[in-house]
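Notes for the one structure printed next.
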């Protein structure tokens, strides 16, 4: 899979679920928690997107942020990082009024980890 394929997948995904994943360095100014409109729960779609993007990075040689032991599968490593909230991503949620909210992954409750 080359960069164009990844970009087209990311473009499709963001249009479908109205969010995007940014690295910490790409995020804009942080909105105060009291001013946010959306809930601090990661959706199953956001979770799948975060794991997919992080697994792609890991398979391209990015260093893991958790102790992986003997694990070599990038999807499993990405799941381990997410369950420990060590993935340095920002989820940008686009709102109907064309504004957006940025949430760090470690600020969100994660399905299957924090709640069922």
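Numbering (the numbering used here), first residue to last: 809 to 924.
For glycine and all other residues, C-beta sits at the position ideal for the given N, C-alpha and C.
8 Å contact criterion, which residue i and residue j should meet: CB distance rounded
i           : j           : result
residue 903 : residue 845 : 7 Å
Secondary structure of residue i, DSSP reduced to three states
i           : result
residue 914 : helix
residue 862 : helix
residue 899 : strand
residue 882 : helix
residue 854 : helix
residue 909 : strand
beta-carbon residue i near the ligand ATP non-hydrogen atom, thresh 6 Å
i           : result
residue 874 : The ligand ATP is absent from the structure shown, which contains no ligand whatsoever.
Contact check, residue i vs residue j, beta carbons under 7 Å
i           : j           : result
residue 874 : residue 857 : no
residue 901 : residue 909 : yes
residue 921 : residue 891 : yes
residue 961 : residue 854 : Outside the displayed range of the chain (809 to 924) lies residue 961, so it cannot be described from this structure.
Cβ neighbours of residue i in the same chain (closer than 6 Å, five flanking residues each side left out)
i           : result
residue 863 : 882, 883, 886
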